[in-house]
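The opening residue of the sequence shown carries number 0 in numbering that gives the first Met the number 0; numbering runs sequentially from there. The structure appears below as C-alpha cells.
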Amino acid sequence: MRKQILNAWCAGAVLLLASCGGGGGGDGSVTLSGTLSLPEHAAVDSDTNDPNQAGRAPNNTFAGSQALVSPVYLIGSVNVPQAGAAGANYQAGDPIDGYVADLQPGQVIELEFTANPLVNDLDLYVYAEGASANSPPIGQSSGVNAFECLRIQTAGRYHVAVNAYAGASIYNLRIGAPTDSSTCANTVSSTSGVVAGEVVARALSSDPAANRLRAKALGAGALSTAAPEATSAPVLLHMPTGAAEREAALDQLQALGQGTADSRQASARVLSAAAPDLPPALREVIDTVHYAKHLQRTGLYAYAEPNYRVALQSDLVGAYPPADRLYSNQRWHFEMIGMPGAMATLVPLRQQFTRRPIVAVIDTGIVSDHPDFTGQVAYEASFTGGGTWSASADDPSSPGVATAFHGTHVAGIVAATTFESTGVAGVAPMARLMPIRVFAKDATGSTTADVAQAILYAAGLANASGQIPGERADVINLSLGSTRACPAAYADAVTRARAAGVIVVAASGNDALTARDAPANCAGVVSVGALDARRQTASYSNTDPQLSLAAPGGDPRQSTTGTGLPDLIYSTLGDFSGTTRVPSYGGKAGTSMAAPHVAGVMALMRYANPGITVAQVDALLGAGLLTDDLGAAGRDSGTGFGLVNASKAVDEALKLAGTNPTPVPGTVVALPSSLDFGSVRTSAELQVVLQGGASTETVTSVVSSTAAVTVGPQAVDASGLGTYTVTVSRDTLPLGSTFATLRVTTSARQFDVQVIVTKTAAGATSTADFGRVYVLVVDASTGNPIHQVAVNATNGVYPWRIAGVTATQVQIFAGSDIDNDTLLCQRGEACGGFPQFDAAKTVIELSGDRNDLNFDLVPYGGVNTGETRSQGLKALPAGP
Numbered sequence: 000m001r002k003q004i005l006n007a008w009c010a011g012a013v014l015l016l017a018s019c020g021g022g023g024g025g026d027g028s029v030t031l032s033g034t035l036s037l038p039e040h041a042a043v044d045s046d047t048n049d050p051n052q053a054g055r056a057p058n059n060t061f062a063g064s065q066a067l068v069s070p071v072y073l074i075g076s077v078n079v080p081q082a083g084a085a086g087a088n089y090q091a092g093d094p095i096d097g098y099v100a101d102l103q104p105g106q107v108i109e110l111e112f113t114a115n116p117l118v119n120d121l122d123l124y125v126y127a128e129g130a131s132a133n134s135p136p137i138g139q140s141s142g143v144n145a146f147e148c149l150r151i152q153t154a155g156r157y158h159v160a161v162n163a164y165a166g167a168s169i170y171n172l173r174i175g176a177p178t179d180s181s182t183c184a185n186t187v188s189s190t191s192g193v194v195a196g197e198v199v200a201r202a203l204s205s206d207p208a209a210n211r212l213r214a215k216a217l218g219a220g221a222l223s224t225a226a227p228e229a230t231s232a233p234v235l236l237h238m239p240t241g242a243a244e245r246e247a248a249l250d251q252l253q254a255l256g257q258g259t260a261d262s263r264q265a266s267a268r269v270l271s272a273a274a275p276d277l278p279p280a281l282r283e284v285i286d287t288v289h290y291a292k293h294l295q296r297t298g299l300y301a302y303a304e305p306n307y308r309v310a311l312q313s314d315l316v317g318a319y320p321p322a323d324r325l326y327s328n329q330r331w332h333f334e335m336i337g338m339p340g341a342m343a344t345l346v347p348l349r350q351q352f353t354r355r356p357i358v359a360v361i362d363t364g365i366v367s368d369h370p371d372f373t374g375q376v377a378y379e380a381s382f383t384g385g386g387t388w389s390a391s392a393d394d395p396s397s398p399g400v401a402t403a404f405h406g407t408h409v410a411g412i413v414a415a416t417t418f419e420s421t422g423v424a425g426v427a428p429m430a431r432l433m434p435i436r437v438f439a440k441d442a443t444g445s446t447t448a449d450v451a452q453a454i455l456y457a458a459g460l461a462n463a464s465g466q467i468p469g470e471r472a473d474v475i476n477l478s479l480g481s482t483r484a485c486p487a488a489y490a491d492a493v494t495r496a497r498a499a500g501v502i503v504v505a506a507s508g509n510d511a512l513t514a515r516d517a518p519a520n521c522a523g524v525v526s527v528g529a530l531d532a533r534r535q536t537a538s539y540s541n542t543d544p545q546l547s548l549a550a551p552g553g554d555p556r557q558s559t560t561g562t563g564l565p566d567l568i569y570s571t572l573g574d575f576s577g578t579t580r581v582p583s584y585g586g587k588a589g590t591s592m593a594a595p596h597v598a599g600v601m602a603l604m605r606y607a608n609p610g611i612t613v614a615q616v617d618a619l620l621g622a623g624l625l626t627d628d629l630g631a632a633g634r635d636s637g638t639g640f641g642l643v644n645a646s647k648a649v650d651e652a653l654k655l656a657g658t659n660p661t662p663v664p665g666t667v668v669a670l671p672s673s674l675d676f677g678s679v680r681t682s683a684e685l686q687v688v689l690q691g692g693a694s695t696e697t698v699t700s701v702v703s704s705t706a707a708v709t710v711g712p713q714a715v716d717a718s719g720l721g722t723y724t725v726t727v728s729r730d731t732l733p734l735g736s737t738f739a740t741l742r743v744t745t746s747a748r749q750f751d752v753q754v755i756v757t758k759t760a761a762g763a764t765s766t767a768d769f770g771r772v773y774v775l776v777v778d779a780s781t782g783n784p785i786h787q788v789a790v791n792a793t794n795g796v797y798p799w800r801i802a803g804v805t806a807t808q809v810q811i812f813a814g815s816d817i818d819n820d821t822l823l824c825q826r827g828e829a830c831g832g833f834p835q836f837d838a839a840k841t842v843i844e845l846s847g848d849r850n851d852l853n854f855d856l857v858p859y860g861g862v863n864t865g866e867t868r869s870q871g872l873k874a875l876p877a878g879p
C-alpha cells in the first residue's frame, strides 16, 4: 500500500510515496538499515484498522478482551460502521476495543483520542470482573471531549472498554502505576457512576407539539412526571425498557435530530452484534450514556446527560502536588529539582511578596491562546529576518513543521498556570512571561543578529527596533544554540544584560560534544546540561569543564518512572486539527528542556528576593548552595556544580533578603519517588536526601515489602542519607506486574517508595509493540519519498533494511498507520525520524552502505503522548 507522510518534517505539501518496494541492488546503489526503538511499555490494539497488522485478533467481546500488563501505553483505533478510512474495520465497524488487566487502588486509566469529539466521540468504561450482579463496580467517563479517565479504588481484575459512540478515531490508552499522581475525578466503585436507564435533561422549548415529539421518541411512560417539560428546570427521563422499544425510540430520535446523519450514528444498537457478551449491568450503563447523547444531539435539549452518582476526588490547591491534571507526567522532574520543598517555604510567605518576576523566553514564540498561559504573559515581541520587529510573539507555524511550538513547550516549563485542575504545572507560576520570537515562520534556524537584539530588548536596553518593554526581564532563557565559539554579538549582549541586572540562562546543546554550544559558552551565562530520570547525564547533553549546572532533560528511550510514558519533560504545546491550531500538551527531551527548569528556579529566587543581584547568584552557584552535587565532589564537566535545587535556591534568596520567616524544616524524600524496573532491569539507585531547610530528621531504615526486592546502602552517611542500591529477583514473582514498596522509616515518620516489576514467561522477550510500522526514505533534493518498507516489532524493536537506494542525499522517517488512511505520523500514531524528532530535517549524505540509522518511535503529539528527543534549535551564525 502506498503511504503518505504528514508534513512533520519535510517542506512542501503532503508527500505521496512514489515507490513501494525496498528496491534491488545495482551499480551505485546502497543499502540502508537500522533499528527503531520504542518504550518498554508500548502496546497496540490487536485489531486496528490497518489490514496489514501482524497477528490481528478481535478484542470486541468481553471474553476476547486483550490482556494488558500495567504500566502500559497503548495506541489503537475504533469506529462505528462505515466511519473513518477504508480498512479492516470500515464496513462492519469496530465500536468497542476491550482490554483486561489486574489493577491496584490508585491506578488511573486515561484515554485520549485525536479526532473532533463533537463528531467522532469516544468513551471509556471499566467493569470489575466477577463483580456482584446486584452492585457491580462500574466506571464510565463519557464526556464530549478528547480526554476520558477513571480511577481504580479496589484491587482486582478489570475489563476496560474503549467505545466509539460516533465516528472514528485513533486513541491512546495509558495506565500508570498506583502512585504516579494522576488526577481523575471519575471513580470505579459500586456506589458511583450512572443510574441505569435514567437521563437528566432540560428542554429548549415548552411547546406542546415539541413535547409530544419528545415523548413519542422516548416511548410510553418515559417521562417521570405528567407535567409538561419546562425550560427553566431539568426533568428526569426514563429510557424505554424493551429492546424493540429502544430501537424504535432511537429511530425517532434520529428523525427528530438537527445534525448530520454521521453525527447521530445510533451506536447503541451496534453493541448487541459487536459485543454480545457484555454483562447486562455494563450494557445498561453504556445504553444509558448513548441514549443521553442521542437526546442531546436532537437539538431539542439544552442538555441531556445520565443521572450520575459520582464520587469526586479532592486535590490540594496551592501546595504540592498541584491539582493540574497532567502533573503526574511531570512529577519525576519537578520532584528531582526540589519543587515540593520550595513551595512549602513560599506558601506561608506569599502575602508579603508583591512583585511577579519576568522571564524572557527567546525562542519560536508561543501559542498565545493556550489556556495555561492565561494571565501569564507580560510583554512579547519578535525579531526575525535580521531586522523585522513585531509586537507579537505568537507562533505562526504551519502544520507539521519540526520546530513548531518549541517555545511554547519551554515557556510552559517556566511558568504555566498551576494549582488548578487542567493542564500542566510550571516551575515558577508566579512569574510572568516575555516571549520573544526569533525564528521566522516555519524556519528551523535563526541568526545571532536577531538573538542579540532579543537579548537587549528583554533587558530593557536600546536595540534595532527602537522599542523597549515597560519592564525589563529578570531572567532570560535561551534554549537554542550553534556549535561555535561565542560570537561577539552574543558576548556583548550578555554582558550588557547582566549589567542591567538580568540573569541569562542557556542550554548547553544536544550534540553529545565535550564543548558547550553558543550562547551557553559565553562568559556570564548560566549554562545548563541535561539529566535523565536517574540523575545521570543524558546521552545527548553537551559537557564542558565550565558547565554551570544540570537539570532534568529526559530520555525517550527509557520509561522508569511508573507512568508507562517515556521519561520525557511534559509541558504545553500546540497542535493542529486540520489547519486550525489548537492548544495541546506533550513531552520533549533535550537541554532545551533542562534550561527552563533553571530559568524557573531563578525566577523563584527573584520572587522571594526581588533585590538579589546577578553577582550574588553567581556566588551562590559557585559555592554549591543552589545545587545538589553529583558525581565527583565539586564542579565537573557532566553536571557542573550539580543538579539545580529549587528548595535550596529559595532558602538562599530569602536569607540574602533578611527575611526571617518561621523556618520550614527540611524533609527526607526519596528520588525518584517510584522505581519502574520493567521486565529487564535488575538494579537501580535510590537517592534518599534531605530537601528544604535544616532538619534533624534522620533515616532509620529502608525496608522492602517483599524478598524479591532488596535494598542496601551504597554511599550512605551516618544520618542514613545518601544512595541506596535496589535489586530485583523475579524468580519468586508471579507473571505480570508486581507493585512492591520500600518503606522508609525516619526519626519523624514513614513513607513508601513504589517499586514496579514486570515478569514475563520463561524465554519470553520484550512484548513492546506499536503495530506495523512503515519506514520511508525521502530524496532530500526533491522532498519526495523514493522507498518504503513495512516492518513488525521483534523482541521490542523494529529492525529495518532498504536496498537499492541511488539518491546521494536522503532523509529517513517512520510511522504507523493504525487507522489505514495512508497518512503517517498523525497525532496519536507512532512516529519517528532520523536521527531524532526535531532534527529530522537532517540530510544524510550517502557514499556507501549505512547500518547505523537507528532512532526512536513514540506516539506523536496529543495531550498525554510523548514526542521523541528534542535536539534543541540551532541558531545560525550571521554572515554572508
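Think of the CB as a built atom: it goes at the ideal place given N, C-alpha and C, for glycine as much as any other residue.
Enclosing beta strand (DSSP E) for residue i [first to last residue]
i    : result
G657 : No beta strand (DSSP E) contains G657, which DSSP labels as neither H nor E.
V788 : N783 to V790
I365 : From DSSP, I365 is part of no beta strand (DSSP E); its letter is neither H nor E.
H237 : V234 to H237
F382 : A380 to T383
Q139 : I137 to S140
S28  : Premise fails: S28 is in no beta strand (DSSP E) and is neither H nor E.
T387 : T387 to S389
Close beta carbons around residue i, own chain, < 6 Å, minus the five adjacent residues each side
i    : result
M238 : G196 and Y290
A514 : D543
G142 : none
M601 : V474 and I502
V774 : V788, W799 and A813
A607 : V649, A652 and L653
9 Å Cβ cutoff met for residue i and residue j
i    : j    : result
S682 : T740 : no
P321 : A424 : yes
N48  : G83  : yes
S746 : T697 : yes
I357 : R436 : no
S728 : T757 : no
I755 : A343 : no
G573 : P565 : no
L102 : L123 : no
P595 : V450 : no
P434 : G364 : yes
H408 : S540 : no
Range of the contiguous alpha helix (DSSP H) that encloses residue i
i    : result
T494 : A487 to A498
I412 : H405 to A414
D449 : T447 to A457
According to DSSP, residues forming a beta bridge with residue i
i    : result
K758 : G735
M433 : A359
R156 : D101
F146 : E111
Y126 : I137 and H158
Contact set for residue i: own chain, Cβ-Cβ below 7 Å, skip 5 residues either direction
i    : result
A714 : G721 and T722
T259 : Note that T259 scores a pLDDT of 39, beneath 50, so its modelled location is shaky; the value from the coordinates is reported in the next line. Here the set comprises nothing.
A392 : G364, I365, E379, A380, S381, P434, I435 and R436
A41  : Y72, A767, D768 and F769
CB contact below 9 Å: residue i versus chain C
i    : result
L619 : Protein chains in the displayed structure number just one, and chain C is not present.
Same chain, Cβ closer than 8 Å to residue i, five either side skipped, listed in chain order
i    : result
Y859 : A7, G814, C824, Q825, R826, G827, E828, A829, C830 and E866
| task | Note down, one range per segment and in chain order, each beta strand (DSSP E) of at least 3 residues found wholly within the segment 287-360. | result | 300-308
| Complete runs of the beta strand (DSSP E) confined to the segment 503-577 [at least 3 residues] | 525-530, 548-551 and 568-576
| Mind pulling the beta strand (DSSP E) runs of 3 or more residues that sit fully within the segment 581-634? | With a minimum length of 3 residues, there is no unbroken run of beta strand (DSSP E) contained wholly in the segment 581-634.
| task | Scan the segment 685-723 and note each continuous beta strand (DSSP E) run of 3 residues or more that stays entirely inside, going in chain order. | result | 698-703 and 708-715
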